[in-house]
Amino acid sequence: MNKTILITGATSGFGKAIALRFAGNGYNIIITGRRKERLDELEKELLEFENTKVLALNFDVRNKEEVISAIESLPDEWKAIDILINNAGLAAGLSHIDNGLVDDWERMIDTNIKGLLYVTREVAPLMVARNSGHIFNIGSIAGKENYENGNVYCASKAAVDSLSRSMRIDLVRNNIKVTHIAPGMAETEFSLVRFHGDAEKAGNVYNGIDALKAEDIADVIYFCATLPAHVCINDLVITPTQQANVTTSYRRV
Ligand code: NDP
Ligand code: 8X3
74 MNKTILITGA
84 TSGFGKAIAL
94 RFAGNGYNII
104 ITGRRKERLD
114 ELEKELLEFE
124 NTKVLALNFD
134 VRNKEEVISA
144 IESLPDEWKA
154 IDILINNAGL
164 AAGLSHIDNG
174 LVDDWERMID
184 TNIKGLLYVT
194 REVAPLMVAR
204 NSGHIFNIGS
214 IAGKENYENG
224 NVYCASKAAV
234 DSLSRSMRID
244 LVRNNIKVTH
254 IAPGMAETEF
264 SLVRFHGDAE
274 KAGNVYNGID
284 ALKAEDIADV
294 IYFCATLPAH
304 VCINDLVITP
314 TQQANVTTSY
324 RRV
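Heads up, the sequence shown is in our numbering, so the first residue is 74 and it goes up one at a time.
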């Protein structure tokens with residue numbers, strides 16, 4: 074019987090690549106996100122894989138009621154979720170603490186921390202009831218090390234790192250694995266969102282860097298998810314080879 078994976082933020086970047094990586098490999102896939110047209114397109118793409126069922130849920134992780142009713146709406150056979158990928162998230166803005174936009178701060182905290190918690194609060198009990206599961210939390214190297222202007226984004230991802238450690242402690246007795254993934258620079262829509270749609274600024278972030286691709290993160294997650302039952306990878310920092318830490322990259326010009 075196929076396993077079931079639920080991915081938040083599957084309309085783009087890592088989430089979409091993860092959905093495509095697991096499709097056709099014995100998984101039924103629950104894709105989620107706010108952009109309905111993108112979900113519809115991805116659903117069609119995934120259904121082309123043999124032996125994969127797909128269910129799309131259109132909700133905003135910041136909206137607690139939407140999260141609760143989306144998970145409650147799942148038919149019973151889809152509630153047997155084996156893998157949860159807490160991926161939906163963003164950076165908004167890049168500025169010193171004395172002139173950051175409070176709206177940007179709230180978006181990051183509401184999505185990266187509170188949204189992740191709302192989804193986990195609904196899915197973890199389903200895993201506990203089955204005494205089985207694997208939760209992946211997508212943090213960031215920015216949650217491990219701080220950089221100038223990163224303040225609230227760094228703090229939100231440090232919270233994801235901390236929550237991952239707590240989840241592992243709380244859920245160890247329930248046979249649930251918790252894996253924290255902390256990527257460095259990856260070329261997705263991430264920087265376009267951070268710079269509020271400014272494509273030029275976003276493109277400059279990766280100048281001279283052979284950045285990570287969404288597929289690289291999907292491959293690592295697939296590897297972690299398919300290890301033997303007694304093996305749990307707790308925490309991984311993944312950077313492009315040209316990035317030594319959050320502030321030191323070697324750009325080829
Ligand atoms: P993208 O912008 O390409 O994808 C982000 C995804 O999150 C989209 O599918 C988006 O869907 C979803 N999302 C954002 N806000 C919400 C919301 N309120 N409700 C539901 N879904 C939401 O970026 P990435 O793929 O790069 O980012 C994925 C995760 O990886 C994020 O948590 C990010 O912080 C993290 N990360 C990214 C790195 C990078 O360099 N790219 C490095 C380290 C970590 P939609 O807009 O349709 O709702
Ligand atoms: C994204 C990595 O360094 O741009 O989480 O903040 S960084």
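We treat Cβ as the ideally placed atom computed from N, Cα and C, and that holds for glycine.
query	result
Backbone secondary structure at GLY257 - three-state DSSP	coil
SER322 and ILE294 closer than 8 Å at C-beta	no
Start and end residues, alpha helix (DSSP H) containing THR193	189 to 203
Identity of the residue in THR261, VAL278, ILE182, VAL225 nearest ASP171 by Cα	VAL225
8 Å Cβ shell around ILE141 - same chain, five flanking residues per side excluded	TYR191, GLU195
Pairwise C-alpha distance: PRO301 and GLY106	30 Å
Assigned exposure category for ARG246 - 16 Cβ within 10 Å defines buried	exposed
Helix, strand or coil at LYS217 according to DSSP, with G and I counted as helix	coil
beta-carbon ILE144 near ligand 1 non-hydrogen atom, thresh 7 Å	no
TYR191 Cβ short of 7 Å to ligand 2 heavy atom set	no
Touch test, the region 174 to 193 against the region 271 to 287, Cβ-Cβ under 8 Å, three pairs minimum	no
For PHE209, the three-state DSSP class (helix, strand or coil)	strand
Euclidean distance between Cα positions of PRO148 and THR261	32 Å
Under the three-state DSSP convention, the category TYR295 falls into	helix
Separation of ASN75 from ILE158, as counted between CA atoms	17 Å
GLU114: CB within 7 Å of a non-hydrogen atom of ligand 1	no
Given 8 Å, three or more beta-carbon pairs between the region 88 to 97 and the region 114 to 134	yes
Cβ neighbours of HIS169 in the same chain (closer than 7 Å, five flanking residues each side left out)	ASN222
TYR279, DSSP secondary structure in three states	coil
Cross-strand partners of GLY106 (DSSP beta bridge)	ASN131
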